[in-house]
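Quick note: the sequence shown uses numbering that gives the first Met the number 0, first residue 0, plus one each step. Cβ coordinates follow ideal geometry from the N, Cα and C atoms, glycine included. Given the structure is predicted, the values throughout are model-derived calculations rather than measurements. The block underneath contains the structure these notes are about, expressed in structure tokens.
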Amino acid sequence: MNFDAVYSTVGVTPISTTEVKQHTRIDTAADDGLLVGYIEAAIDVVERTTLYKMKPQTAVLTFNEFPNVLPIAPVQAITTIAYTGTNDAAAVFTDYTIQRSLSRTLLVPNNNWPAMANKTQVTITCQVGPTTLNDVPEGLRNWVYRCVAMMYNDRGFAPEAMADQLYPYVITSV
């Protein structure tokens, strides 16, 4: 199932320069601006590689049919599920249940998915990302710390070089 996504960040980065400095043993405040950029770059790689959102965001997902699994995590709340009904009128679906785990969010209709017009789209707007730092898996936080340390110590280091270590956290949609 293909989908498109648009994200808008609504919160702050869950990893601070203070935490990174403690992990990397950087003692000076002179490079805090540099560290912020490295943290953002590392989090960007985590989010693109795994589809696990480390920052609170609003996501607008567009599908060509009703999905059983949302391809992002963690989903905190679904705001709307909009679609075009059989009479070509815009409609909102509300008769569903969400089942969450670390690696996926299941979207289960309480009865059946509604009938849709041909070649319609389903648009799901939801709030994603952790509610607290403790909601971010420790392995992902540690990956960001290591990645920032590598970028700090080797100014030419690209965080994508470590992306293979993120594969246990990749969100699956099957």
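Residue environment, Val44, which counts as buried when at least 16 other CB atoms sit within 10 Å: buried
Checklist line | DSSP three-state assignment for Val169, whether helix, strand or coil | finding: coil
Is it true that the CB of Thr57 sits closer than 8 Å to the CB of Gln164? no
Exercise. Among the residues of its own chain, which have a CB less than 7 Å from the CB of Val19, if the five just before and after it don't count?
Worked result: Leu34, Ile38, Tyr144 and Val147
Notebook entry, point to check: Can you tell me whether Pro167 is buried or exposed, with buried defined as 16 or more other CB within 10 angstroms of its CB?
Noted result: exposed
*asked:* Counting C-beta neighbours from all protein chains within 10 Å, is the total for Gly32 16 or more, i.e. buried, or is it exposed?
replied: exposed
Report the CB separation of Thr104 from Val74 in whole angstroms; it is logged as a contact under 8 Å.
4 Å
Where does Met115 fall in DSSP's three states? strand
Query raised in the report: Taking the C-alpha atoms as reference points, what is the distance between Asn186 and Tyr82?
Result: Nothing can be reported for residue 186: it is not among the residues displayed for the chain, which extend from 0 to 173.
Exercise for the section: Specify whether the segment 110 to 120 and the segment 87 to 100 touch according to this definition: at least 3 beta carbon pairs, one from each stretch, less than 8 Å apart. Expected result: yes
- Query: Which runs of the beta strand (DSSP E) spanning at least 3 residues fall entirely within the segment 62 to 93, listed in chain order?
  - Reply: 74 to 83 and 89 to 91
Sequence-distant residues of its chain with Cβ nearer than 6 Å to Glu80 (five each side left out) | The residue asked about is misnamed: residue 80 is Ile in this sequence, not Glu. Same-chain partners within the cutoff: Phe92 and Ile123.
Q: Report yes if the C-beta of Gly36 is less than 7 Å from at least one heavy atom of the ligand FMN; otherwise report no.
A: The ligand content of the structure shown is nil, which means the ligand FMN is not present either.
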